[in-house]
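In this note's numbering, the protein residues as written are 3 to 227. See below for the structure under consideration.
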Amino acid sequence: MKLSADREEEARLWAATEDARKTKIFDLDSTAPKETYQLLTSAIIPRPIAFVSSLSSDGVPNLAPFSYFSMISHNPPMLSVSFALSARRPKDTRENILQTKEFTVNIISEPFIEAANSTSVLVKPPIVEESAVSMECELYSHQDISSSSSVLPTATLVLGLIKRVHVRESFLSEDGSTLDPTKLRPVARLGGVTYARVVEGFDLPRVSWKATKGVYEEIDSTQKP
Ligand SMILES: Cc1cc2nc3c(=O)[nH]c(=O)nc-3n(C[C@H](O)[C@H](O)[C@H](O)COP(=O)(O)O)c2cc1C
């Protein structure tokens, strides 16, 4: 297992310079939620964005973006979306999902990011036509979350069971099993109003334990007193 010379030098500087070792600790028990938000949303990046479409119990369609979004498992196929709540106004998406138990998650691609950014726009179709990937979900469970200083929930985590996935066929790899990220052009959210593109992938083969075992054993033996 040999790192490239550049990577090796980078890794040395990354680990060992005084600047690299200087750390500021944020104690989140004594940090205001607004500052915690700014810190965490710029640290836990890039976050994929779920463009969630839902219907109210009386049939009003709703579409909004959420970046507290992740894949939870593939067996069963499951994702999570989480809502930050305020006393000022409920999140319609959360209300709709809890009431109707259904929603779709649509992946935002760069060509329509500006339209997505301006959605409180209502759309009729349950999936977003522009999205190359849309997932039909059923509510699996939800968990209200409260901060220690609040009786009312300050967030809600929703787990959605993915029932069907709609994919633009031309975005699929030759064997039809995966999506080509250069075609999908997913947009991720960074901190504030900053977004990121996935411009370039690189392959990093899995390291075989069998093949590298000897290297680690050698390092181990040189470090023993
Ligand atoms: C890119 C982006 C990501 C967002 N992510 C979240 C999120 O993860 N959770 C959340 O509660 N609000 C998030 N918001 C804010 C909601 O989209 C916004 O409050 C929206 O108006 C909610 O709409 P609704 O009331 O129709 O559900 C995000 C906004 C943007 C632009």
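Backbone N, C-alpha and C fix where the C-beta goes; we use that ideal spot for every residue, glycine too.
Euclidean distance between Cα positions of residue i and residue j
i, j, result
"A17", "S55", "44 Å"
"E171", "R187", "15 Å"
"D94", "T102", "12 Å"
"G216", "D8", "24 Å"
"H168", "N77", "18 Å"
"V201", "G178", "22 Å"
Closest Cα partner of residue i within the set the options
i, options, result
"Y197", "S32, P50, V167", "P50"
"L100", "N119, S88, S133, L57", "L57"
"E97", "E11, D177, A66", "A66"
"Q145", "T156, I46, K24", "T156"
"F105", "A213, T25, L15, L141", "L141"
"A118", "V189, R14, Y218", "V189"
7 Å Cβ shell around residue i - same chain, five flanking residues per side excluded
i, result
"T43", "G193"
"F114", "E132"
Proximal residues to residue i (C-beta, below 8 Å), its chain only, five neighbours per side dropped
i, result
"L81", "A52, F71, S72, M73, I74, V107, M137, C139, L161, G162, I164"
"K126", "Bear in mind that the predicted position of K126 carries a pLDDT of just 40, short of 50, making it too unreliable to give a figure here."
"D182", "F173, L174, S175"
"T180", "L174"
8 Å contact criterion, which residue i and residue j should meet: CB distance rounded
i, j, result
"T33", "L87", "Their Cβ separation, rounded to whole angstroms, is 19 Å, which puts T33 and L87 out of contact at 8 Å."
"S69", "R191", "4 Å"
Own chain partners of residue i with C-beta closer than 6 Å, once the 5 adjacent residues on each side are dropped
i, result
"L124", "Because L124 carries a pLDDT of 42, less than 50, the predicted location of this residue cannot be relied on, and no value is offered for it."
"S79", "Note on residue identity: the sequence assigns Pro, not Ser, to residue 79. Cβ neighbours of P79 beyond the five flanking positions: I164."
"T224", "none"
"R23", "none"
Interface flag, residue i vs chain C, CB-CB below 8 Å
i, result
"T180", "Structure shown: chain C not included; a single protein chain is present."
Do the stretch 34-52 and the stretch 106-115 meet, that is, are 3 or more Cβ pairs less than 8 Å apart?
yes
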